[in-house]
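Below: the structure, in structure tokens.
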Amino acid sequence: MKKIMLIFFVLLLCACHKKNENNYRVKTIIEENTNTIIAINYPITNIKKLNKKIQKYIDDTYNKFLKQYNEITFLNKKHELNIDYTYYSLDNEYISITLFKHISSSDKELILNEIVNYNYDINKKSLITFEEIVTSNEKLQIKDLIKNLLFEKYGNIIDLNKISNINYDNLKFGINSTSVSIYFESSEISNKYSDIMQIDIPLSHFSKLKDLIIEKKEIQLSIKPTINYIDISKPMIALTFDDGPSIYTEEILETLNTYHSNATFFVLGNKIEAHSGTIIKMYQYGNEIGNHSYNHRSLTKLSLEEQREQIEKTQDIIKKYTGFTPIYLRPTYGSVNSKLRNNTNLDIVLWNVDTKDWKYKDVNTIVNNTLRDVKDGSIVLMHDTHKRTSEAIKILIPKLIENGYQLVTVSELKEAQKIKNKIDETR
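Counting the sequence shown from 1 gives a position; the numbering used here is that position plus 19.
Here is the structure:
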């Protein structure tokens, strides 16, 4: 009986990082319809009042987008809605959330960007405006600084007439640990630029903010090996999970661990910090982590620079929390072309069994879809963003094991296939 032993070096964080200190989670909506593609990620905080405002914006945007584009037949054209976010919690005084909305069409004829800010004063229990963080003595200085930074960064694409009409008392802004970010939708100050404009002013320029104590905790890593034993004489399957981590991922990890099984998780970079303890446990248990972009933009529609940013930002944040650098990319929507292949050194991994857990809400349907289609060497597509998927694998995994399958990572599957091929060549 031939066996291979695969060793994964597992990086554990100190106990203080096993829980999400920011006290928020990320909610995800990812859909592909006939005429539309939707990828929405937004934070859910522990403040109901704030969540209600954010949820209303998300619901209104989602419904308006579908009504506008999903009911019309476009020839060979899809429209994409993407909403991403930044989240900062500052010294238990402020929560600062910025939502970035991007709408585009497959032929790039339509591009729309929008920014929405929610800067919440925890003590006052209310949202604050830019005017409230600037003293009367600072107003003129800050106004001049904004103009100078805009011209320094964007130069001659700035429209002088539009700059003079800006309402400096009610700017769109976000507060982070080092600066106040000021955002402009391009149409506000330029006719030659289609993206969101951003400048950053150090906190030291704001007397109301400069005393914020931002405690930076370094991630402390220690190495512990996890050993997975694979019997290449037995059939094997690679379960893969896209779009996480989410609030359901940890339950999936525990189910896998209960049955001494592993999987590959293709994660979104913008969700890792909110679920840092989960990503650590994912690796600690001997699972594999792959790259699924930063915020689920349709990669094949992006420029080379935008593709690299989506991939590299996710690589960096995975490495930050685990020390591990992924070698696999699962392209969003399973869409890949030569442009994307040539623009990354990661191996692109698709699938040959789709459980359709994104479509069917019935647990038994998901289980039966999988059992019907799997065979030795299958790569199975699932999503760890659904409760139904977590429930389905509690039934599916023991049935697959009972049918003689080992549940392994993509790397383990590929390595075992190489060894099998070499053995076959020698016969």
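Glycine included, C-beta positions come from ideal geometry on N, C-alpha and C.
A straight-line Cα-Cα distance of about 17 Å links Val153 and Leu109. Residue Thr351 holds the alpha-carbon nearest to the alpha-carbon of Ile57 among Ser213, Glu431, Thr351 and Tyr248. Non-local C-beta neighbours of Arg360 in its own chain, meaning closer than 7 Å and more than five positions away in sequence, comprise Ile367, ordered along the chain.
For Ile122, the beta-bridge partners assigned by DSSP are Leu100 and Leu131.
For secondary structure counted as the alpha helix (DSSP H) over 4 or more consecutive residues, the region 367 to 392 holds these complete runs in sequence order: 382 to 392. The beta carbon of Val382 sits closer than 6 Å to those of Arg407, Glu410 and Ala411, all from its chain and outside the five residues before and after it, given in chain order. Across the set Asn82, Ile414 and Asn364, the C-alpha of Ile414 shows the shortest separation from the C-alpha of Asn387. Taking 8 Å as the cut-off, the beta carbon of Tyr313 is found no closer than this to the beta carbon of Thr341. Burial is judged here by how many other beta carbons sit within 10 angstroms of a residue's own beta carbon; Leu159 has fewer than 16 and is exposed. Rounded to the nearest angstrom, the gap between the Cα atoms of Glu273 and Tyr267 is 10 Å. Counting only runs of at least 4 residues, the region 290 to 364 fully encloses the following alpha helix (DSSP H) elements, listed from N- to C-terminal order: 295 to 303, 323 to 341 and 357 to 360. In the structure shown, Tyr113 falls within a strand segment according to DSSP collapsed to helix, strand and coil. For secondary structure counted as the alpha helix (DSSP H) over 4 or more consecutive residues, the region 150 to 182 holds these complete runs in sequence order: 158 to 173. Nearest Cα to Glu307 within the set Asn82, Gln425 and Phe285: Phe285.
In the DSSP assignment, Tyr187 falls outside any alpha helix (DSSP H) and carries neither an H nor an E. In this structure, the straight-line span from the alpha carbon of Ile330 to that of Leu365 is close to 9 Å. Burial state of Leu432 is buried, judged by a 10 Å Cβ sphere holding 16 or more other Cβ atoms. Residue nearest to Tyr104 within the set Phe192, Gly174 and Lys378 is Phe192 (criterion: CA-CA distance). Under the three-pair Cβ rule at 8 Å, the region 251 to 263 counts as touching the region 393 to 400.
Counting the other Cβ atoms within 10 Å of the Cβ of His279 gives fewer than 16, which makes it exposed. When DSSP reads this structure, Ala257 sits in a beta bridge with Ile398 and Val427. Under the DSSP assignment, Asp403 falls outside any beta strand (DSSP E); it carries neither an H nor an E label. Non-local beta-carbon contacts of Gln326 in its own chain, meaning distances under 7 Å to residues more than five positions away in sequence, involve Leu318, Leu359 and Asn362 in chain order.
In its chain, beyond the 5 residues on either side, Leu69, Ile114 and Leu146 have a beta carbon closer than 6 Å to the beta carbon of Tyr139.
If you draw a straight line from the Cα of Phe225 to the Cα of Tyr81, it is about 36 Å long.
Counting the other Cβ atoms within 10 Å of the Cβ of Gly353 gives fewer than 16, which makes it exposed. In this structure, Ser205 sits near Asp214, with a CB-CB distance shorter than 8 Å. Note on geometry: alpha-carbon atoms of Ile141 and Ser200 lie some 19 Å from one another.
For Phe84, the enclosing alpha helix (DSSP H) begins and ends at Lys67 to Tyr88.
Closest option to Ile59, judged by alpha-carbon separation, among Lys71, Val45 and Asn52: Val45. In this structure, Met401 is the residue among Met401, Thr64, Asp79 and Lys67 with its C-alpha nearest to the C-alpha of Gly263. For Thr274, the enclosing alpha helix (DSSP H) begins and ends at Thr268 to Thr277. Counting the other CB atoms within 10 Å of its CB gives Glu324 a total below 16, which places it among the exposed residues.
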